[in-house]
Structure formats: structure tokens, C-alpha cells
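**Q** Sharing a structure, written as C-alpha cells. Questions coming.
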Amino acid sequence: MEKTLSEYMTLSKNLDDLKFDKKLKVAILPSFTLNGLDETFHVKCSEIGIRYQSYVADYNQYNQEMLNPESDFYNFSPDITFLILDIRSLLGDYFYFPYSISSAERKSLVKEKINELGNLILQFKNNSSSKLVITNFNIPSYSPNGIIETKSEFGFHEMIQEINESLRNIVRSQNSIYVYDFNQFVSKYGEKNIFDYKQFHIGDIQIAFNYIPYFAHELMSYVKPIFGINRKCIVLDLDNTLWGGVVGEDGFDGIELGQTPNGKSFVEFQKQLLSLWQQGIILAINSKNNFDDAMRVIRDHPDMILREKHFASIKINWDDKAQNLKQIADEINIGLSSIVFFDDDKLNQERIKQEFPDVLTIEMPNDPSQYSSILTNLNDFNVLQKTEEDTKRGEMYAQQRQRKQFENTVSNLDQFLKQLDIKVKIKKSNEFLIPRISQLTLKTNQFNLTTRRYQEEEIRKFSKDENFAVGCAQVLDKFGDNGITGAYIVKKNGTSWILDTFLLSCRIIGRGVENAMLSH
Numbered sequence: 001m002e003k004t005l006s007e008y009m010t011l012s013k014n015l016d017d018l019k020f021d022k023k024l025k026v027a028i029l030p031s032f033t034l035n036g037l038d039e040t041f042h043v044k045c046s047e048i049g050i051r052y053q054s055y056v057a058d059y060n061q062y063n064q065e066m067l068n069p070e071s072d073f074y075n076f077s078p079d080i081t082f083l084i085l086d087i088r089s090l091l092g093d094y095f096y097f098p099y100s101i102s103s104a105e106r107k108s109l110v111k112e113k114i115n116e117l118g119n120l121i122l123q124f125k126n127n128s129s130s131k132l133v134i135t136n137f138n139i140p141s142y143s144p145n146g147i148i149e150t151k152s153e154f155g156f157h158e159m160i161q162e163i164n165e166s167l168r169n170i171v172r173s174q175n176s177i178y179v180y181d182f183n184q185f186v187s188k189y190g191e192k193n194i195f196d197y198k199q200f201h202i203g204d205i206q207i208a209f210n211y212i213p214y215f216a217h218e219l220m221s222y223v224k225p226i227f228g229i230n231r232k233c234i235v236l237d238l239d240n241t242l243w244g245g246v247v248g249e250d251g252f253d254g255i256e257l258g259q260t261p262n263g264k265s266f267v268e269f270q271k272q273l274l275s276l277w278q279q280g281i282i283l284a285i286n287s288k289n290n291f292d293d294a295m296r297v298i299r300d301h302p303d304m305i306l307r308e309k310h311f312a313s314i315k316i317n318w319d320d321k322a323q324n325l326k327q328i329a330d331e332i333n334i335g336l337s338s339i340v341f342f343d344d345d346k347l348n349q350e351r352i353k354q355e356f357p358d359v360l361t362i363e364m365p366n367d368p369s370q371y372s373s374i375l376t377n378l379n380d381f382n383v384l385q386k387t388e389e390d391t392k393r394g395e396m397y398a399q400q401r402q403r404k405q406f407e408n409t410v411s412n413l414d415q416f417l418k419q420l421d422i423k424v425k426i427k428k429s430n431e432f433l434i435p436r437i438s439q440l441t442l443k444t445n446q447f448n449l450t451t452r453r454y455q456e457e458e459i460r461k462f463s464k465d466e467n468f469a470v471g472c473a474q475v476l477d478k479f480g481d482n483g484i485t486g487a488y489i490v491k492k493n494g495t496s497w498i499l500d501t502f503l504l505s506c507r508i509i510g511r512g513v514e515n516a517m518l519s520h
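Printed below as a string of C-alpha cells:
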């Protein structure tokens with residue numbers, strides 16, 4: 001349940017976040033009044049262990065701040081900047097009177113505004129190494145052209161669509177610059193809810209106070225990945241979570257999955273989970289059940305979307321769920337803070353909350369039709385740049401389960417490693433690999449000799465410096481591609497080399513990969 005804005009503002013006054021080691025400097029550059037966003041950010045950052053420091057530009061001063069290299073904004077030197085704009089300010093009177101000029105003049109106006117935005121971004125890149133998040137523009141439901149708006153040649157709505165699309169094209173190839181889809185945010189919560197004319201006329205407030213916390217929640221999706229604070233594994237119950245009913249009591253044919261309204265809700269939920277799996281989120285099962293009964297549904301039920309191959313770990317037994325969850329984390333080799341837990345049973349939810357507070361335990365509603373919206377509203381799976389390893393992670397960890405099963409069939413480690421047929425490819429850093437190398441430095445803890453953390457910009461700088469050697473290791477075996485799972489940064493010091501960074505992903509520790517990297 002989201003707190004109210006007044007609750008966030010009260011909490012912000014009494015926060016003691018000096019105890020946190022992680023520090024974040026945030027700049028907020030709005031074109032309209034955004035009271036309360038700063039305080040909400042403050043609280044939300046403290047909730048994930050980040051010491052928050054902010055710079056909030058004066059009302060509608062973003063142009064002056066970004067175009068002046070000596071501005072207080074640039075002197076603040078933020079880690080991340082939120083440029084929050086509105087379409088009324090951008091278009092001026094043409095927001096109200098777009099048809100007072102010809103279609104050709106409208107096109108010229110849009111081109112002019114796109115150039116202005118492009119110049120702002122260019123000036124920002126020249127003067128700051130901060131990450132930049134710029135909002136796109138809401139397309140109002142209203143048009144002065146009424147029902148023939150869609151027949152208009154380069155009409156009012158098309159003008160804004162063109163600006164949004166051009167903005168997206170400008171930043172698509174720009175490292176560390178992102179577009180937040182504010183138009184989608186308004187669509188999600190409703191224009192009538194977001195925009196309050198009374199608040200607007202009182203103080204140019206264009207996001208209603210009640211929705212500032214939801215807006216902050218969305219923008220936190222950009223903050224968490226800076227520190228590698230994101231979840232990568234969903235652990236799932238089965239009965240009344242992936243299907244309706246209890247398979248041990250209702251039987252294979254008696255569970256709800258696919259044909260009834262409730263059954264369709266579970267199929268929808270599974271489709272959303274599969275979509276996340278295809279983007280690299282790991283799935284696992286933690287269920288109190290008869291193994292054979294549950295696996296029959298997973299393997300054979302015609303309406304089952306998720307199959308055995310999609311799960312990196314399967315715990316179907318009568319053991320304590322907290323014990324199972326710890327075993328899942330150990331098997332997959334991830335921290336508990338990487339896990340989201342879905343279970344319809346309130347007692348199981350409470351058990352996991354008490355035993356493992358770092359696990360994000362979802363309070364599931366009684367109505368399964370709400371499961372999908374709970375999943376899609378989570379902002380815990382985001383990354384600032386998606387690597388090939390990210391999208392394949394779910395598949396890779398499912399392959400890891402096969403390796404574990406294979407390991408149990410051989411008599412010793414040497415035989416296991418030999419039969420795995422491991423191949424290691426050492427690769428020199430390039431633009432394609434830089435995001436993954438940065439990601440490894442930010443996330444890897446167990447086999448990380450120096451634990452130095454580097455953002456993409458820093459890896460890119462090292463890669464271009466002839467006094468540094470930056471590279472990574474791709475590991476393959478008979479079960480598939482483990483992806484880029486090792487990285488190194490070496491600094492030249494006269495006639496010797498200093499090991500700045502040397503690390504391996506937990507997935508491939510113990511397979512001799514470090515020897516291949518060092519011998520290279």
C-alpha cells in the first residue's frame with residue numbers, strides 16, 4: 001500500500017540516513033511545480049539503504065540550468081538527473097491554439113522544439129557525466145478538432161506523438177540518457193486523476209498531490225539499478241498461485257487452469273511470468289505438495305504455460321518453506337535480496353517475512369485476477385541497460401539445474417568437469433561488452449578480488465586508455481552458454497601490471513575458469 005504524500009513529507013523531516021554507506025546525488029529539473037517529489041525520493045532511497053542528497057531547480061529554470069556550464073546544477077555534480085517537462089510549457093499558446101497555424105507551420109514548430117530538446121541534451125552531455133532521465137509528453141484526450149482529430153493533417157495529437165518519437169530517437173543510442181514514458185504513466189492512472197485543474201490554476205501543479213508517490217515509485221526504477229539493487233528471481237508456490245485449487249485434493253482434472261474465469265486468471269499470471277523469464281528473470285518453485293501430483297500438472301496439463309524447463313530450482317515437498325527458500329538461494333547461488341516470493345497463504349508469507357526480511361514477500365489478494373497487475377506493477381526487475389546475459393539468465397539458470405542433476409550422477413569433481421566439456425573464450429572489451437562488464441563489477445561479491453564498483457562510463461574510459469587492459473570471459477559447456485561470467489581490469493605500471501579487478505560470477509565458480517583467464 002503506497003503512503004500518502006503528507007506521510008512521505010513527514011517521514012522525510014525525521015530521517016537519519018547518515019548511517020548509510022551508499023550515497024546518491026539527485027537533481028530534479030522541472031518545468032512545473034512538483035512539491036513533494038524531493039521528499040518522497042528521500043524516503044524511498046532511505047528504505048533501500050541509500051543516503052540521499054538533492055538539488056531541485058527553481059520553478060521552470062531548467063533551460064538556464066542546463067545551458068549554463070557554471071550553473072548551480074552542474075556544480076552540484078549529480079549522479080542522476082530527472083528533467084521533468086510538460087507539453088504546455090513546450091508548446092506555449094500553440095497547446096491551446098494548434099490550428100491557428102497551417103499544417104506546414106505546425107511541422108516547423110515541432111521541428112524547432114525537437115531541436116531545442118536535442119540542444120539541451122547535447123549541452124548536458126558536454127557538461128555532466130550524470131545519468132539523465134527526461135520525461136516525454138502526455139497526449140491529452142481532448143483536441144480542439146474533436147472527433148475529426150484523426151483526419152487532421154499533422155494535427156494536435158500527431159504533433160505531440162512526433163515530439164515523443166523524435167525524443168526517443170535522440171536518446172536511443174546515447175549512453176546513460178533515458179526517456180521516461182510519462183504519457184504511459186498518465187494512461188495508467190488516468191488523465192482525470194493525474195491532472196487537477198484547480199491545483200493547476202493555483203500553482204501550475206500538473207501532477208495531483210495524491211499521485212506524486214506513484215510518480216516517484218516509477219522514477220525509482222532508474223535509481224535502484226545504479227547500485228545493482230534489483231531482483232532477479234521469482235519463487236512461486238503452486239496451489240492457488242499458479243493454478244486454482246489444491247491438486248492433492250482436487251486432482252489433475254479438478255484444478256482451475258484455463259477454462260473458467262479464475263482459471264484464465266492463472267493462465268494470464270503465468271504468461272506474465274513467462275514474459276519476465278524471457279527477459280532473464282529466474283523462476284523457482286517452493287511448494288508443499290506431493291511431488292508426482294504437482295509435476296504431472298507442470299508437465300502434462302494442456303493449459304499450463306510454465307513447464308519444467310522454465311524453473312531453475314524445484315522444491316516440491318513437505319519441508320518448511322523458509323528452509324526450502326534458503327536452499328533455492330544456495331542452489332542458484334544468489335542472495336536472498338534478489339528474490340521475490342509469491343505465495344497465496346498468509347501464514348507462509350509471514351513466515352518468510354520474519355525469517356528473511358531481505359526477500360520481497362508479496363501480499364497476494366484473494367482474487368487471482370489481480371495477480372498479474374501486482375506482478376506488472378513491481379519496479380524491482382529493471383536494469384539501465386539490458387545485456388545478452390540478462391535476457392538469457394532464466395534459461396541459463398534452468399540449464400544450471402541440469403548441471404546439478406548431472407553432477408549427482410558422476411563420482412568425483414574431476415570427472416564432472418571433464419565431462420562438462422568447458423570452453424572459455426577471452427574477449428577484449430568493446431561497446432557491446434562494456435555494459436555487462438560494468439554489471440559484473442556492480443553485482444559480483446563472492447569471487448571478486450577487489451570489489452571495486454564501476455559504472456559503464458568508467459569501464460568505457462578504462463577501455464580507451466592504453467595503460468589499461470579490460471576484458472571478459474564467456475563460458476560454454478555441454479548444457480549451453482553461461483554467457484559473460486568473468487571480467488578483469490589490469491593497469492600498466494612501468495614494466496609490471498597491477499590487477500585492478502578480477503571477478504567471476506557465482507554461476508561458474510569452481511570450474512577452473514580463473515586459471516584460463518590468468519593464463520591469457
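Okay, so the sequence shown: first residue is 1 according to the UniProt record's numbering, each after it adds one.
Glycine included, each C-beta is placed from N, C-alpha and C at the ideal position.
Would you kindly work out how many angstroms separate the C-alpha atoms of residue 201 and residue 101, rounded to a whole number?
**A** Here residue 201 refers to the residue found at position 201 when the sequence shown is read from its first residue. Here residue 101 refers to the residue found at position 101 when the sequence shown is read from its first residue. Those two C-alpha atoms are separated by around 26 Å.
**Q** Is residue 335 close to chain D, meaning its C-beta is less than 7 Å from at least one C-beta of that chain?
**A** The structure shown contains no chain D; it holds only a single protein chain.
**Q** What residue ranges within the stretch 181-225 form continuous alpha helix (DSSP H) runs of no fewer than 4 residues, ordered along the chain?
**A** If only uninterrupted alpha helix (DSSP H) runs of at least 4 residues are considered, those enclosed by the stretch 181-225 are 182-189, 191-194, 197-203 and 212-223.
**Q** Going by DSSP, name the residue or residues bridged to residue 51.
**A** In the sequence shown, residue 51 corresponds to position 51, counting from 1. Residue 51 is bridged to 23.
**Q** Assuming residue 550 is part of the beta strand (DSSP E), what are its boundary residues?
**A** This structure cannot speak to residue 550, because the chain is shown only from 1 to 520.
**Q** Of the choices 309, 437 and 107, whose alpha-carbon is the least far from that of residue 459?
**A** By 1-based counting over the sequence shown, the position of residue 459 is 459. It is 437 whose Cα lies nearest to the Cα of residue 459.
**Q** Is DSSP giving residue 405 helix, strand or coil here?
**A** Mapped onto the sequence shown, residue 405 falls at position 405. Note: residue 405 maps to helix in three-state DSSP.
**Q** So, at 7 Å on beta carbons, what are the nonlocal neighbours of residue 59 in its own chain, with the 5 sequence-adjacent residues on each side left out?
**A** Position 59 of the sequence shown, counted from the start, is the residue given in the question as residue 59. Here the set comprises 33.
**Q** What is the DSSP secondary structure of residue 387, reduced to helix, strand or coil?
**A** Start at 1 with the first residue of the sequence shown, and residue 387 comes out as number 387. The answer is coil: DSSP assigns residue 387 none of H, G, I, E or B.
**Q** Using the rule of at least 16 other Cβ atoms within 10 Å of the residue's Cβ for burial, across every protein chain shown, is residue 277 buried or exposed?
**A** Within the sequence shown, the letter at position 277 stands for residue 277. The residue in question, residue 277, is buried, as its Cβ has 16 or more Cβ neighbours within 10 Å.
**Q** Could you check the C-alpha separation between residue 138 and residue 383 for me, to the nearest Å?
**A** Looking up residue 138 in the sequence shown gives position 138. Looking up residue 383 in the sequence shown gives position 383. Their backbone Cα atoms lie some 24 Å apart in a straight line.
**Q** Quick check: the Cα distance between residue 228 and residue 154, rounded to an integer number of angstroms?
**A** Here residue 228 corresponds to residue number 228 of the sequence shown, with the count starting at 1. Here residue 154 corresponds to residue number 154 of the sequence shown, with the count starting at 1. Going from the Cα of residue 228 to the Cα of residue 154 covers about 43 Å.
**Q** Could you give the C-beta distance for residue 29 and residue 62, rounded to a whole number, given that I count them as a contact under 8 Å?
**A** Within the sequence shown, numbered from 1, the residue matching residue 29 stands at position 29. Within the sequence shown, numbered from 1, the residue matching residue 62 stands at position 62. Between residue 29 and residue 62 the beta-carbon gap is near 4 Å, inside 8 Å, which marks them as a contact.
**Q** Which ranges would you report for the alpha helix (DSSP H) in the stretch 263-325 if only whole runs of at least 4 residues count?
**A** 291-300
**Q** Could you spell out where the beta strand (DSSP E) holding residue 135 opens and where it closes?
**A** Position 135 of the sequence shown, counting from 1, holds the residue named residue 135. 131-135 is the extent of the beta strand (DSSP E) around residue 135.
**Q** Name the two residues that bound the continuous beta strand (DSSP E) containing residue 370.
**A** Taking the sequence shown and counting its residues from 1, the one referred to as residue 370 is at position 370. Premise fails: residue 370 is in no beta strand (DSSP E) and is neither H nor E.
**Q** If you drop the 5 nearest sequence neighbours on each side, which residues of the same chain put their C-beta closer than 7 Å to that of residue 3?
**A** Numbered from its first residue, the sequence shown carries residue 3 at position 3. Once the five neighbours on either side are set aside, the close Cβ partners of residue 3 are 213.
**Q** What three-state label does DSSP hand residue 352 in the structure shown?
**A** Position 352 of the sequence shown holds residue 352. Helix at residue 352.
**Q** Which same chain residues end up closer than 7 Å to residue 488 when comparing Cβ atoms and leaving out the 5 residues on each side of it in sequence?
**A** As a position in the sequence shown, residue 488 is number 488, starting the count at 1. The residues 471, 501, 502 and 517, in chain order, have a CB closer than 7 Å to that of residue 488 in the same chain once the five nearest residues on each side in sequence are set aside.
**Q** Taking the continuous alpha helix (DSSP H) assigned at residue 417, which residues delimit it?
**A** In the sequence shown, residue 417 corresponds to position 417, counting from 1. Start and end: 413-420.
**Q** Which class does residue 140 belong to by DSSP, given the choice of helix, strand or coil?
**A** Counting from one through the sequence shown, the residue named residue 140 turns up at place 140. Coil at residue 140, not helix or strand.
**Q** Can you tell me whether residue 235 is helix, strand or coil according to DSSP?
**A** The residue you call residue 235 lines up with position 235 of the sequence shown. Residue 235 falls in the strand class under three-state DSSP.
**Q** In this structure, how does DSSP classify residue 454 when only helix, strand and coil are distinguished?
**A** For this step, residue 454 is matched to residue 454 along the sequence shown. Residue 454: coil per DSSP, three-state reduction.
**Q** By a C-beta neighbour count over all protein chains shown, 10 Å radius and 16 as the cutoff for buried, is residue 443 buried or exposed?
**A** As a working note, residue 443 is residue 443 in the sequence shown. Buried is the call here.
**Q** Within this structure, are the beta carbons of residue 178 and residue 247 separated by less than 7 Å?
**A** In the sequence shown, counting from the first residue as 1, residue 178 sits at position 178. In the sequence shown, counting from the first residue as 1, residue 247 sits at position 247. No, these two residues do not count as a Cβ contact at 7 Å.
**Q** Buried or exposed for residue 37, going by 16 or more other Cβ atoms inside 10 Å?
**A** Counting from 1 along the sequence shown, the entry for residue 37 is found at position 37. Counting Cβ neighbours within 10 Å, residue 37 comes out buried, since at least 16 surround it.
**Q** In chain order, what are the residue ranges of uninterrupted alpha helix (DSSP H) at least 4 long that sit wholly in the stretch 57-116?
**A** Fully enclosed alpha helix (DSSP H) runs of 4 or longer: 62-67, 72-76 and 87-91.
**Q** Starting from the C-beta of residue 509, find all residues in its chain whose C-beta is less than 6 Å away, skip the five residues before and the five after it, and write them out in chain order.
**A** In the sequence shown, counting from the first residue as 1, residue 509 sits at position 509. Hits under 6 Å: 447.
**Q** Using CA atoms only, rank isn't needed, just tell me which of 467, 9 and 290 is closest to residue 209.
**A** In the sequence shown, counting from the first residue as 1, residue 209 sits at position 209. Considering only 467, 9 and 290, the residue with the shortest C-alpha distance to residue 209 is 9.
**Q** Starting from the Cα of residue 493, find the closest Cα among 479, 67, 465 and 117 and give me that residue.
**A** Locating residue 493 in the sequence shown gives position 493, counting from the first residue. The shortest Cα separation from residue 493 among 479, 67, 465 and 117 belongs to 465.
**Q** To the nearest angstrom, how far is it from the Cα of residue 70 to the Cα of residue 94?
**A** Start at 1 with the first residue of the sequence shown, and residue 70 comes out as number 70. Start at 1 with the first residue of the sequence shown, and residue 94 comes out as number 94. Near 32 Å, if we compare the C-alpha coordinates of residue 94 and residue 70.
**Q** Roughly how far, in whole angstroms, is the beta-carbon of residue 78 from the beta-carbon of residue 27, given that I think they are within contact range, below 8 Å?
**A** Working through the sequence shown from its first residue, we reach residue 78 at position 78. Working through the sequence shown from its first residue, we reach residue 27 at position 27. Rounded, the Cβ-Cβ distance is 4 Å, consistent with contact.
**Q** In three-state DSSP terms, what is residue 496?
**A** For this step, residue 496 is matched to residue 496 along the sequence shown. For residue 496, the secondary structure class from DSSP, reduced to helix, strand or coil, is strand.
**Q** In angstroms with no decimal places, state the Cα-to-Cα distance between residue 321 and residue 294.
**A** Translated into positions along the sequence shown, residue 321 becomes position 321. Translated into positions along the sequence shown, residue 294 becomes position 294. Those two C-alpha atoms are separated by around 16 Å.
**Q** CB-CB under 6 Å to residue 221, same chain, minus the five flanking residues each way: which ones, in chain order?
**A** The residue you call residue 221 lines up with position 221 of the sequence shown. Excluding sequence neighbours, residue 221 sits near 379 and 382.
**Q** If you follow the beta strand (DSSP E) that residue 151 is in, where does it begin and where does it stop?
**A** Stepping through the sequence shown from its first residue, residue 151 is reached at position 151. Neither: residue 151 is in no beta strand (DSSP E) and is coded neither H nor E.
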